[in-house]
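Q: I am attaching a structure below and will ask some questions about it afterwards.
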Ligand code: FAD
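In my numbering, the protein residues as written are 1 to 631.
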């Protein structure tokens, strides 16, 4: 048997972003011996890159805000395909989680009277995002890490070892989950620096591995977002929901080529920035869809008035949900009204004084100055859509984060359902806190219920997984992982990107199938000590599987909704709104897809919408169930 280091834990959390840290804190607070495993350095996760803020109906800036309004905005943003129970729990619990973060030491920006300040973002009726300038994620991670250290210090004082109950395994990648019959029993991975294999014997795993952006060529995501958690879940028998919904953020950098895709925060528009085309037209007024028409301004004067007097003005169309803005920019560029480098202009310079821009958007100023030699206090930015977030993910129980496999839990971006077909900005950071806590609690309760009986790790399964991990190192003449990755990204970007067509998706599936044969022969030169080629060779397995899941679901869903736009099926279909697409793997490793009826909204939640609005989304036979109060 290969040399494998062994560790035993009650709960293993894979991922050290906001969801993973919050889950681990909870599991540890419930008395469980917990490991946090992170592919990247501790402290380097997507969460740290989050800029704009965390959405929570604290009502600090506008007292009209409450969980019901937040729930309503989230459902509208997701085009009513959200898991309603998740959207409800999120809206109800987000304020408590933000206040808890403050209690643990987070220093949010303040209102004039000293409360947590909140900023405007697309799709949110009220200023709702708790923030720290445009570096909110950094403060969130700093605070959660500080809480981890606090718990470790308490363990050091009580047990003589800071890592007795909570230990971080940084730069360690999990490649396989191991099962005993139907139940989870362990996780296998490797240490990036040394190449050593490591086995975690554990009855409970929380997946908190974040997103999938690296399957696309133009993306705001960084190197580690290869969909590992999505693939691990599929490969161990769990299911994914609605993988066709991928969010293309409207504003990524388009120039220079080396930084194409890097995010330009929505806060620029939230704080007053406007989008213009090459003809200097503020074009978003032409793109307000019928379902949102009553909520958005029709003239520039009305839109501009909203920033200072939101009670008496409707919102600017630049603050429509992200899918709408991304499609509008795509159309402007395609119809020849784009900027010199294939984007459109985002102008904050003519809208706010330079000192305010520097104070509100310091990271954006730095990013453009350093990377593109553009001073955003004096000139407009050039921006265009970039693959940013995946709404689809592991199918979980709303209350506990439990996946279909006993012992497997998921939270954060890797989990599906909460955001429906399109996530509102700011709703991810709060999602991480709400559902990270719930998944940590769910895992801890699951372990308690086992009452000391732990599913054993089958040594043969572990050995087979280890052999697969080492296989690319033994194929000296294997396929080049970098070339395969580039082909995979190009395929997804051009054939399953922001605008999709049936025949092109079929072409993509064919290309992915051929790539699959080549990925099976992928090789890596050199040894196992810090070998990025080998790491990528292993990541390709996940990226390929995730790409196929996205393409299969995109082909199946014959409508356009949120982050899924079918040129050949341009409208939203009320029939399709009632359907989730669930994907799992067959025994021989093929992606299987089935349709599932969407949960109905409870009558008290239906009452939050007016009947006229629901009629735009619901089938005729659903409408009679809408309570009279909503009429
Ligand atoms: P992440 O923070 O992505 O962490 C994933 C963790 O899993 C990492 O530690 C990674 O190393 C680890 N991992 C992955 N695979 C493995 C493996 N195989 N083995 C071991 N470890 C693994 N959302 C908002 O709500 N507001 C914002 O203002 C905002 N701004 C954003 C700005 C940018 C530039 C980006 C990219 C995203 C932004 N988002 C924002 C989205 C949000 O940041 C992410 O959705 C969120 O942080 C995801 O958190 P997570 O905990 O699920 O995963």
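Built from N, CA and C at the ideal position, the CB exists for glycine as well. It should be emphasised that the depicted structure is a prediction, and the values quoted were computed from it without experimental measurement.
Distance check for residue 385 and residue 399, CA to CA, integer angstroms please.
A: Using only the alpha carbons, I get a separation of about 34 Å.
Q: Quick check: what's the CA-CA separation for residue 459 versus residue 237?
A: If I take the Cα positions, the gap works out to 19 Å.
Q: Between 113, 97, 90, 136, which has its C-alpha nearest residue 107's C-alpha?
A: 136
Q: Say yes only if the C-beta of residue 514 is nearer than 6 Å to one or more non-hydrogen atoms of the ligand FAD, and no if none qualify.
A: The answer is no for residue 514.
Q: Is it true that the CB of residue 412 sits closer than 7 Å to the CB of residue 19?
A: Yes, they are a contact pair.
Q: What first and last residue would you give for the beta strand (DSSP E) that runs through residue 187?
A: 183-191
Q: How would you label residue 342, buried or exposed, when you count the other beta carbons within 10 angstroms and need 16 or more for buried?
A: exposed
Q: Since residue 551 and residue 579 are thought to touch, with beta carbons under 8 Å apart, how far apart are those beta carbons, to the nearest angstrom?
A: Actually they are not in contact, since the Cβ atoms of residue 551 and residue 579 sit about 18 Å apart, beyond 8 Å.
Q: Quick one, which of 169, 54, 285, 210 has its alpha-carbon nearest residue 229's?
A: 210
Q: In chain order, what residues of the same chain have a beta carbon less than 7 Å from the beta carbon of residue 193, not counting five sequence neighbours either side?
A: Same-chain partners within the cutoff: 171, 530.
Q: What residue range does the alpha helix (DSSP H) around residue 103 cover?
A: 84-103
Q: Could you spell out the range, first to last residue, of the beta strand (DSSP E) harbouring residue 390?
A: 381-390
Q: Does the stretch 47-67 come close enough to the stretch 123-135 to have 3 or more Cβ pairs within less than 8 Å?
A: Yes: the two stretches touch, three or more of their Cβ pairs being nearer than 8 Å.
Q: Could you compute how far the alpha carbon of residue 403 sits from the alpha carbon of residue 397?
A: Cα to Cα, residue 403 sits roughly 7 Å from residue 397.
Q: In angstroms with no decimal places, state the Cα-to-Cα distance between residue 524 and residue 482.
A: 10 Å
Q: Count the CB pairs spanning the stretch 81-93 and the stretch 37-53 that are closer than 8 Å, and state whether there are at least three.
A: no
Q: Suppose only complete runs of 3+ residues qualify. What are the beta strand (DSSP E) ranges in the stretch 213-288, listed by chain order?
A: Counting whole runs of 3 or more residues, the stretch 213-288 contains the beta strand (DSSP E) stretches 246-253, 274-276.
Q: Do residue 393 and residue 439 have their C-beta atoms within less than 7 Å of each other?
A: Contact flag unset, no.
Q: Pick helix, strand or coil for residue 600, following the three-state DSSP scheme.
A: coil
Q: In the DSSP assignment, find the alpha helix (DSSP H) that holds residue 50 and state where it starts and stops.
A: From DSSP, residue 50 is part of no alpha helix (DSSP H); its letter is neither H nor E.
Q: Is residue 134 a contact residue of the ligand FAD, with contact defined as CB to any heavy atom under 6 Å?
A: no
Q: Please confirm whether residue 242 and residue 416 have their CB atoms less than 7 Å apart.
A: yes
Q: Tell whether a beta-carbon distance below 7 Å holds between residue 58 and residue 144.
A: no
Q: In the DSSP assignment, find the beta strand (DSSP E) that holds residue 568 and state where it starts and stops.
A: Counting along the chain, residue 568 falls outside any beta strand (DSSP E), and DSSP gives it neither H nor E.
Q: In whole angstroms, what is the alpha-carbon distance linking residue 549 and residue 596?
A: 16 Å
Q: Sorted by chain position, which residues of the same chain lie with C-beta nearer than 6 Å to residue 71's C-beta, five sequence neighbours on each side aside?
A: Cβ within range, chain order: 87, 88, 91.
Q: I want to know whether the stretch 496-505 touches the stretch 555-567 - three or more CB-CB distances under 8 Å.
A: yes
Q: Using 8 Å as the cut-off, can you tell me whether the stretch 438-458 makes contact with the stretch 192-207, which would need three or more C-beta pairs spanning the two stretches below that distance?
A: yes
Q: Starting from the C-beta of residue 559, find all residues in its chain whose C-beta is less than 7 Å away, skip the five residues before and the five after it, and write them out in chain order.
A: Correct list, in chain order: 566, 569, 571, 572, 573, 576.
Q: Whole-angstrom Cβ separation of residue 507 and residue 217, contact assumed at under 8 Å?
A: At roughly 16 Å, the Cβ-Cβ gap does not stay under 8 Å, so residue 507 and residue 217 are not in contact.
Q: Between residue 221 and residue 250, what straight-line distance do the alpha-carbon atoms span, to the nearest angstrom?
A: 14 Å
Q: Spatial neighbours of residue 168 within its chain, please: CB distance less than 6 Å, with the 5 preceding and 5 following residues excluded, ordered by chain position.
A: 36, 42
Q: Taking Cβ to Cβ, would you say residue 363 is nearer than 7 Å to residue 79?
A: Remark: C-beta atoms of residue 363 and residue 79 do not approach each other more closely than 7 Å.
Q: State whether the stretch 272-283 contacts the stretch 344-352, with contact taken as three or more CB pairs (one from each stretch) at a distance under 8 Å.
A: yes
Q: With residue 462 and residue 184 assumed to form a contact (beta carbons below 8 Å), what rounded beta-carbon distance in angstroms separates them?
A: That pair is no contact at about 13 Å.
Q: Are residue 491 and residue 387 closer than 7 Å when you measure CB to CB?
A: Not a contact, by the Cβ cut-off of 7 Å.
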